[in-house]
Amino acid sequence: MHLYLLLGWFLLFAQTAHAGARMDRPVKVSYPGGKSYFFRLELKDKSGTPYTLDHPELFLSSRAIERRRRQHLAVDSTDLPLSPSYLRQIADRHVEIVARSKWNNTVLVRSTSSERAVGLQQLPFVGKVTLVFTSPDSIEAPRRSKFREAFNHWDTIPSDPYGITKKQIERLNGIRLHDSGFRGNGMLIAVLDGGFMNVDKIPALGSVSYAGFRNFVYPPSASIFQEIDHGTMVLSTMAVEIPNVYVGTASKASYLLLRSEDYQSESSAEEDYWASAAEYADSAGVDIINSSLGYHDYDDKKTNYAYRYLDGRHALISRTASMLADKGILLVCSAGNEGMGTWKKINFPADAKDIIAVGSIGSNGLNMAFSSVGPTADGRVKPDVMAPGNPVAVLSGRGSVINDMGTSFSAPLISGLAACLWQALPEMTVRELIDVIKRSSSQYEYPDNIMGYGVPDFWKAYQMGKKER
Numbered sequence: 016m017h018l019y020l021l022l023g024w025f026l027l028f029a030q031t032a033h034a035g036a037r038m039d040r041p042v043k044v045s046y047p048g049g050k051s052y053f054f055r056l057e058l059k060d061k062s063g064t065p066y067t068l069d070h071p072e073l074f075l076s077s078r079a080i081e082r083r084r085r086q087h088l089a090v091d092s093t094d095l096p097l098s099p100s101y102l103r104q105i106a107d108r109h110v111e112i113v114a115r116s117k118w119n120n121t122v123l124v125r126s127t128s129s130e131r132a133v134g135l136q137q138l139p140f141v142g143k144v145t146l147v148f149t150s151p152d153s154i155e156a157p158r159r160s161k162f163r164e165a166f167n168h169w170d171t172i173p174s175d176p177y178g179i180t181k182k183q184i185e186r187l188n189g190i191r192l193h194d195s196g197f198r199g200n201g202m203l204i205a206v207l208d209g210g211f212m213n214v215d216k217i218p219a220l221g222s223v224s225y226a227g228f229r230n231f232v233y234p235p236s237a238s239i240f241q242e243i244d245h246g247t248m249v250l251s252t253m254a255v256e257i258p259n260v261y262v263g264t265a266s267k268a269s270y271l272l273l274r275s276e277d278y279q280s281e282s283s284a285e286e287d288y289w290a291s292a293a294e295y296a297d298s299a300g301v302d303i304i305n306s307s308l309g310y311h312d313y314d315d316k317k318t319n320y321a322y323r324y325l326d327g328r329h330a331l332i333s334r335t336a337s338m339l340a341d342k343g344i345l346l347v348c349s350a351g352n353e354g355m356g357t358w359k360k361i362n363f364p365a366d367a368k369d370i371i372a373v374g375s376i377g378s379n380g381l382n383m384a385f386s387s388v389g390p391t392a393d394g395r396v397k398p399d400v401m402a403p404g405n406p407v408a409v410l411s412g413r414g415s416v417i418n419d420m421g422t423s424f425s426a427p428l429i430s431g432l433a434a435c436l437w438q439a440l441p442e443m444t445v446r447e448l449i450d451v452i453k454r455s456s457s458q459y460e461y462p463d464n465i466m467g468y469g470v471p472d473f474w475k476a477y478q479m480g481k482k483e484r
């Protein structure tokens with residue numbers, strides 16, 4: 016009888032779900048601009064650029080320059096913008112420039128003809144042309160989801176100011192940092208993600224300090240706030256502060272929201288978008304980049320990566336990520352959720368050097384089975400550290416507090432507390448910050464490629480860093 020009752024409930028649920036699916040079925044639209052081919056152009060030099068290293072104020076914000084000065088980092092040739100002359104000549108070949116990277120000296124172009132690569136290759140300043148993406152015939156038209164104006168009454172925990180987020184911050188010993196007055200004040204964090212559904216509408220996110228918003232994905236988004244809510248959930252773990260309900264790890268920091276992930280396809284063009292977004296974040300003067308994104312498996316299987324490329328320099332996204340410390344920026348990224356799949360390893364750019372790649376632990380303090388593992392191809396320990404990944408309380412794009420899982424949410428827990436730690440120890444360089452976080456971690460003496468250096472203790476890191484200054 017129980018079996019039949021369960022079957023009846025299942026059939027009723029299935030019929031209701033099917034009816035809902037008909038109502039909410041995504042609307043397909045033709046790919047904007049028609050069938051398109053995206054080529055990455057590697058340029059030979061920057062000849063003809065009007066910029067010089069003597070005047071970085073012409074291409075970097077005062078905040079970006081000050082960040083370098085504070086860490087004794089020089090502006091170098093990678094910081095110089097691409098040659099305007101080269102860009103004009105590329106555009107004259109009847110292609111559209113959709114992304115560019117001054118650090119890698121590359122340009123991503125879109126063409127409606129696959130034959131245009133031949134003409135691009137003939138330009139004397141172009142070293143290599145690579146097809147990185149062929150568009151689908153159609154994509155889903157993004158639509159906003161509905162959202163709640165207020166929390167459910169059961170979301171409130173009157174007995175605790177941290178509400179549902181207490182355990183995930185307490186696990187990293189971050190509450191003591193907060194109690195000492197360090198909540199990310201004065202820090203600027205860039206969030207690179209695929210969408211920030213309803214961030215501009217949800218009341219709980221209305222008091223967050225925003226430094227700006229920008230889209231780097233083609234086709235351009237009408238609004239990053241009508242795209243997926245992955246970025247909304249990531250942002251919430253850091254930025255929200257609703258006493259007795261939900262408190263993030265760095266609620267007093269400012270946030271720059273950048274869309275670099277095309278969630279409707281998987282191609283290495285997304286590495287170009289990511290590089291453009293990271294360079295924009297640098298020029299805006301961010302201190303920390305949180306990237307809960309990772310790549311290795313693309314729609315075009317010929318472009319997939321192999322384990323041997325996990326060296327921090329082969330993939331364009333990892334090569335870019337490995338440059339961030341030399342710009343004075345801390346990158347915190349997800350290790351990946353590949354542990355139970357065939358890949359198993361960390362994703363790109365978690366293989367980058369001088370960053371913090373974060374894996375996930377469960378409530379028992381042990382690694383989650385889905386959390387990606389190391390090492391890198393050149394033998395470095397990965398992930399770097401671990402943080403709660405199941406469950407993690409997040410705020411969805413519908414404005415509801417939910418429990419979710421994944422290294423996507425482990426990373427911003429670390430990003431936020433790293434911002435608090437850097438606020439407390441502002442004289443530290445990026446590499447010193449990374450080092451003290453690792454040294455505070457639970458298995459620093461005996462790191463491995465499952466848990467890395469373990470779970471950081473941010474109060475301990477503060478005490479160590481303060482003593483050493």
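Per the numbering used here, the sequence shown runs over residues 16 to 484.
Idealized CB from N, CA, C, for every residue including glycine.
Values in this document were obtained by computation on a predicted structure and should not be read as measured data.
Taking the C-alpha atoms as reference points, what is the distance between Y233 and S174?
47 angstroms
Using only the alpha-carbon positions, how far apart do D472 and L339 sit?
Rounded to whole angstroms, D472 to L339 spans 24 angstroms at the Cα level.
Where do the N-terminal and C-terminal ends of the beta strand (DSSP E) with A226 fall, by residue?
224-230
Look at the Cβ atom of R274, then the Cβ atom of E294, and state whether they are nearer than 8 angstroms.
no
Since D208 contacts V249 with CB under 8 angstroms, what's their CB separation in whole angstroms?
Yes, D208 and V249 are in contact; Cβ-Cβ is about 6 angstroms, under 8 angstroms.
To the nearest whole angstrom, what separates the beta carbons of A426 and V301, a pair I think is in contact under 8 angstroms?
With a Cβ gap of about 15 angstroms, A426 and V301 do not count as contacting.
Evaluate A165 with the Cβ neighbour count: other Cβ atoms within 10 Å of its Cβ, from every protein chain shown; 16 or more gives buried, anything less gives exposed.
exposed
Quick one: is K481 buried, meaning 16 or more other Cβ sit within 10 Å of its Cβ, or exposed?
exposed
Identify whether G412 lies in helix, strand or coil by the three-state DSSP scheme.
G412: coil per DSSP, three-state reduction.
What whole-angstrom Cβ distance do Q279 and I154 have, given they're in contact under 8 angstroms?
5 angstroms
Cβ distance (whole Å) where V373 is taken to contact V400 below 8 angstroms:
Right, their Cβ atoms sit about 6 angstroms apart.
Can you have a look at K161 and say buried or exposed, based on whether 16 or more other CB atoms are within 10 angstroms of its CB?
exposed
Continuous alpha helix (DSSP H) stretch holding T145: start and end:
Element bounds for T145: not the alpha helix (DSSP H) but the beta strand (DSSP E), 141-149.
According to DSSP, A348 sits in a beta bridge with which residue or residues?
This sequence places Cys at residue 348; Ala is not what is there. According to DSSP, C348 bridges with S306, A372.
Shortest alpha-carbon distance to T127 belongs to which of D369, R108, K117?
R108
Is it buried or exposed, V42, if we count other Cβ atoms within 10 angstroms and call 16 or more buried?
Result: exposed.
Contact the stretch 200-219 vs the stretch 120-139: 3+ CB pairs below 8 angstroms
no
Please state whether DSSP places A36 in a helix, a strand or coil.
Annotation note: pLDDT 36 at A36 (below 50); position unreliable, coordinate value reported separately. Correct three-state label for A36: helix.
Unbroken stretches of the alpha helix (DSSP H), 4 residues or longer, contained in the stretch 224-300:
245-254, 284-299
Tell me, please, whether the CB atom of M253 is closer than 8 angstroms to any CB atom in chain B?
Judged by its chain identifiers, the structure shown contains no chain B, having just a single protein chain.
Grouping DSSP H, G and I as helix and E and B as strand, with all else coil, what is T335?
helix
Say whether the stretch 182-192 touches the stretch 284-291, bearing in mind that this needs 3 or more beta-carbon pairs closer than 8 angstroms, one atom from each stretch.
Short answer: they don't touch.
According to DSSP, what are the bridge partners of F363?
Looking at the DSSP assignment, F363 forms a beta bridge with Y310.
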